[in-house]
Each structure stands twice: as structure tokens, then as C-alpha cells.
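Numbering follows the working numbering, in which position 16 of the sequence shown is assigned residue number 10; successive positions increment by one, without gaps.
The beta-carbon is built from N, C-alpha and C at its ideal position, and this holds for glycine as well.
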Amino acid sequence: WLTTALRAQISRLTLRIPVVGALSWHHEAAAVCETLATMLEGGGDLISGLEQAQEVLSSPEIAARLERTRTDVRTGVDLGAALSEHRVLPPLVLATIRAGISGGDLPGAARRATRACLERQDRVTQRLMTLLEPAVIGVLAIAVLWIVYALVSGMLAMNDLQGL
């Protein structure tokens, strides 16, 4: 029931949510970097590496950005400039890729960028869980209080009926 347009809209909205957006963006960036590194290390060219990376992505928004990047690279634009212009990768990951381009080791830089994305995902996930634990405890406390209130009010109501 999810149309392509609806999936793209949900993807755009997801990327704007503060914590969830960062997790999603870093997840997609890790997939792009890992696929690109694998293709380049295996002897593939940059355009086919970007095409394969686009096929791996689960976010239609990031896939569309990568498609625009691939088109720009095909027309002669520098990879770092195209990635920056279309905001395919987070800033730290983009800086790692640019350093690899200028140093002549794009596959190695893409592997380092993948590790950076995965580490960032772990940190954000740990922070999110740290924030969620008290919230879950609070919700459970409210549920237990509601059950206790229901039991006590039921016992008091039965006690009032006995007095009649």
C-alpha cells in the first residue's frame, strides 16, 4: 500500500527527525561507502560503484541524491563536490572521502568512512537507549499504578455494596 511517492515522502520526513534522521543518514552512508569501496577494490569504475551503491540503499531520498551525484560525476564534476552538493553523506564521512580522493586512496577512505558511520550509529543508538530507559520505566509505572487503582476502586465499590 506504500506507493513510491509515499515512500519518498516518508524517507524525507525520517531524515528530518533529529535522532532517527541521524541514524538513518549514517546507515545509508555506510552502505554507500562500503559498496563503493568493494566495487573499486574489485576493479570496477566509479560510475558503476555509485550505481551499485544506489541499488543497495533503502531510503528513496538518499537514492535520489546519489542518482543526481552519479549524473554529475558522469558529466565531469568532482566526486567530492557532487557528494557535497547533493548531501549524500554526513559531513565527517564526506571529509574522509575527500581526503581519500586527494590522497589517491578512495577505496581505503571509503572503508574508513564506513567504520566512522558504524561507530556514529553505535553512539547515537546508545544515547537513544539511555534516554528511552527512563521513559519505559515511567510508562510501566503508570500502567502498574492504573492496575492498582482499578483493583482498589473495585474492592472499595464492593465494600460499599455490602453496606446497603
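Per the Cβ contact rule, the region 62 to 75 is not in contact with the region 11 to 23 (fewer than 3 Cβ pairs under 8 Å). When the beta-carbon positions are compared, L73 and L60 stay at least 8 Å from each other. Under the three-state reduction of DSSP, S78 is assigned to helix. Around the CB of I136, fewer than 16 other CB atoms lie within 10 Å, so the residue is classed as exposed. Within its own chain, the residues whose Cβ lies closer than 7 Å to the Cβ of G94, once the five positions on either side in sequence are excluded, are L100, G102, A103 and A104, listed in chain order.
Classified as buried, M33 has 16 or more neighbouring CB atoms from the shown chains inside 10 Å of its CB. Annotation: the region 5 to 73 contains the following complete segments of the alpha helix (DSSP H) (minimum length 4 residues), in chain order: 12 to 35, 40 to 50 and 54 to 68.
Here R1 is near P54, since their CB atoms are less than 8 Å apart. Under the 10 Å beta carbon count, S18 is surrounded by 16 or more other beta carbons and is classified as buried.
It is roughly 29 Å from the alpha-carbon of E22 to the alpha-carbon of P128.
With a minimum length of 3 residues, there is no unbroken run of beta strand (DSSP E) contained wholly in the region 72 to 129.
Taking C-beta separations shorter than 6 Å and ignoring five residues to either side along the sequence, the partners of T29 in its chain run Q46, A47 and V50, following chain order.
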